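The listed protein sequences derive, respectively, from chains A and B. Numbered by the working numbering, the letters in the first sequence go through residues 11 to 120 in order. Numbered by the working numbering, the letters in the second sequence go through residues 63 to 176 in order. All C-beta atoms in this analysis are idealised placements derived from N, C-alpha and C, irrespective of residue type, glycine included. Just so we're clear, the structure is a prediction, and the values are computed from it rather than from any experiment.
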Amino acid sequence: EDQVTQSPEALRLQEGESSSLNCSYTVSGLRGLFWYRQDPGKGPEFLFTLYSAGEEKEKERLKATLTKKESFLHITAPKPEDSATYLCAVWGGGADGLTFGKGTHLIIQP
Amino acid sequence: NAGVTQTPKFQVLKTGQSMTLQCAQDMNHEYMSWYRQDPGMGLRLIHYSVGAGITDQGEVPNGYNVSRSTTEDFPLRLLSAAPSQTSVYFCASRAWGRTEETQYFGPGTRLLVL
Chain A
11 EDQVTQSPEA LRLQEGESSS LNCSYTVSGL RGLFWYRQDP GKGPEFLFTL
61 YSAGEEKEKE RLKATLTKKE SFLHITAPKP EDSATYLCAV WGGGADGLTF
111 GKGTHLIIQP
Chain B
63 NAGVTQTPKF QVLKTGQSMT LQCAQDMNHE YMSWYRQDPG MGLRLIHYSV
113 GAGITDQGEV PNGYNVSRST TEDFPLRLLS AAPSQTSVYF CASRAWGRTE
163 ETQYFGPGTR LLVL
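What follows is the structure, encoded as structure tokens:
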């Protein structure tokens with residue numbers, strides 16, 4: 011059974027204070043690891059897909075990395091508009107969908 | 063492209079009532095799925111479909127029914143609503159069997175069962 015654990019559950023940072031969110035996973039045959047951003051009252055918004063260990067992707071202040079056991083979402087010099095819940099999910103290649111973690115609720119204070 | 067659309071945005075039901083949550087996508091995606099999201103829990107898969115005429119159960123299928131008559135539409139039916147089905151429901155779609163495997167989500171339907 012695929013499992014995803016995200017930490018911390020919540021994180022409060024000052025504007026400009028860089029940090030990282032963790033996503034630990036177990037899956038038989040990783041086909042993809044996904045990062046989403048979710049704002050209150052909205053659907054998850056796609057950020058990144060990582061396919062193999064060592065892969066990195068960047069978008070503005072966000073950088074996602076992948077190892078064989080975990081993924082990190084690094085946030086550099088965050089701004090208040092980066093406040094959201096960040097979701098991690100894995101896909102093992104089956105038709106039974108993605109397995110999601112519970113998310114990290116990130117608050118960036120001005 | 064509108065992407066994935068869902069209606070209604072919000073619905074209040076009484077216990078025992080039935081209703082259909084609508085989902086449509088205009089990206090010609092073969093794979094569509096329904097998730098529910100509850101406080102303190104991750105998104106959980108209810109039902110999914112890999113193409114028109116093909117559906118299957120996910121992690122939490124009890125009390126829900128789906129059908130897939132076209133590529134574009136994937137409605138979710140609540141047969142007899144229960145308070146335990148109070149949740150936020152998200153529809154998602156993605157390509158299937160192709161290189162692009164990113165899954166896109168709709169805006170959600172918030173359901174309250176009294």
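Using a Cβ-Cβ distance under 8 Å, would Gln165(B) count as near chain A?
Here residue 165(B) is taken as the residue at index 103 of the second sequence, counted from 1. Yes, Gln165(B) lies at the interface with chain A (some Cβ there is under 8 Å from its Cβ).
Between Gly152(B) and chain A, is any beta-carbon pair separated by less than 8 Å?
By one-based count along the second sequence, residue 152(B) stands at place 90. Before going on, a small fix: residue 152(B) reads as Phe here, not Gly. So, interface residue.
Just reading off the beta strand (DSSP E) that Arg22(A) is part of, what are its end residues?
Locating residue 22(A) in the first sequence gives position 12, counting from the first residue. Ala20 to Gln24 is the extent of the beta strand (DSSP E) around Arg22(A).
Does any residue of chain B bring its CB to less than 8 Å from the CB of Gln49(A)?
Within the first sequence, the letter at position 39 stands for residue 49(A). The displayed chain sequence assigns Asp, not Gln, to residue 49(A). No - not a single Cβ of chain B is within 8 Å of the one on Asp49(A).
Note down, in chain order, each residue of its chain lying with its Cβ closer than 8 Å to the Cβ of Asp12(A), except the 5 sequence neighbours on either side.
Within the first sequence, numbered from 1, the residue matching residue 12(A) stands at position 2. Excluding sequence neighbours, Asp12(A) sits near Tyr35, Thr36, Val37, Ser38, Val100, Gly102 and Thr109.
When the Cα atoms are used, what is the spatial distance from Thr59(A) to Gly113(B)?
By one-based count along the first sequence, residue 59(A) stands at place 49. By one-based count along the second sequence, residue 113(B) stands at place 51. For Thr59(A) and Gly113(B), the distance between alpha carbons rounds to 23 Å.
In terms of residues, what are the limits of the beta strand (DSSP E) holding Arg156(B)?
Along the second sequence, one-based indexing puts residue 156(B) at 94. Arg156(B) -> beta strand (DSSP E) spans Ser149 to Arg156.
What are the start and end residues of each continuous beta strand (DSSP E) run of 3 or more residues lying completely inside the stretch 65-99 of chain B, in chain order?
Within the stretch 65-99 of chain B, the complete beta strand (DSSP E) runs of at least 3 residues are 66-69, 72-75, 81-87 and 93-99.
DSSP three-state label for Ser38(A), please.
To locate residue 38(A), count along the first sequence from 1; it is residue 28. Three-state DSSP puts Ser38(A) in coil, outside helix and strand.
For chain B, is any of its Cβ atoms less than 8 Å away from the one on Gly104(A)?
Numbered from 1 along the first sequence, position 94 holds the residue referred to as residue 104(A). Chain B, which has no Cβ nearer than 8 Å to the Cβ of Gly104(A), makes this no.
Pick helix, strand or coil for Asp49(A), following the three-state DSSP scheme.
Indexing the first sequence from 1 puts residue 49(A) at position 39. DSSP places Asp49(A) in coil when its eight states are reduced to three.
Determine, using beta carbons only, whether Tyr126(B) and Leu107(B) come nearer to each other than 8 Å.
The count along the second sequence starts at 1 and reaches residue 126(B) at position 64. The count along the second sequence starts at 1 and reaches residue 107(B) at position 45. Cβ atoms of Tyr126(B) and Leu107(B): not closer than 8 Å.
Measure the C-alpha to C-alpha separation of Phe44(A) and Ala157(B) and round it to an integer number of angstroms.
Here residue 44(A) is taken as the residue at index 34 of the first sequence, counted from 1. Here residue 157(B) is taken as the residue at index 95 of the second sequence, counted from 1. The straight-line gap from Cα to Cα measures roughly 15 Å.
If the cut is a Cβ gap below 7 Å, which residues of chain B does Leu83(A) touch?
Residue 83(A) sits at position 73 when you count from the first residue of the first sequence. Per Cβ cutoff of 7 Å: no residues; Leu83(A) is ~16 Å from chain B at best.
Count the other C-beta atoms from every protein chain shown that fall within 10 angstroms of the C-beta of Ala154(B), then say buried if there are 16 or more, exposed otherwise.
Counting from one through the second sequence, the residue named residue 154(B) turns up at place 92. Classification for Ala154(B): buried.
If the cut-off is 7 Å on Cβ atoms, which residues from the stretch 50-71 of chain A count as contacting chain B, listed in chain order?
Answer set for the stretch 50-71 of chain A: Lys52, Gly53, Pro54, Phe56 and Thr59.
Please classify Tyr151(B): is it buried, with 16 or more other beta-carbons within 10 angstroms of its beta-carbon, or exposed?
As a first step, residue 151(B) must be located in the second sequence, where it is residue number 89. Buried: at least 16 other Cβ atoms inside 10 Å.
How is Glu80(A) classed by DSSP in three states: helix, strand or coil?
As a first step, residue 80(A) must be located in the first sequence, where it is residue number 70. Note: Glu80(A) maps to strand in three-state DSSP.
What residues from the stretch 11-34 of chain A come within 8 Å of chain B, judged by C-beta to C-beta, listed N to C?
For the stretch 11-34 of chain A, which is checked against every Cβ of chain B, the residues closer than 8 Å are Val14.
Can a CB atom of chain B be found closer than 8 Å to the CB of Gly107(A)?
Working through the first sequence from its first residue, we reach residue 107(A) at position 97. It does; some Cβ of chain B falls within 8 Å.
Classify Glu55(A) as helix, strand or coil using the three-state DSSP reduction.
Against the first sequence, residue 55(A) aligns to sequence position 45. Strand, per DSSP.
Using 8 Å as the limit for Cβ to Cβ distance, is Gly39(A) near chain B?
Locating residue 39(A) in the first sequence gives position 29, where the first residue counts as 1. Gly39(A) does not count as touching chain B.
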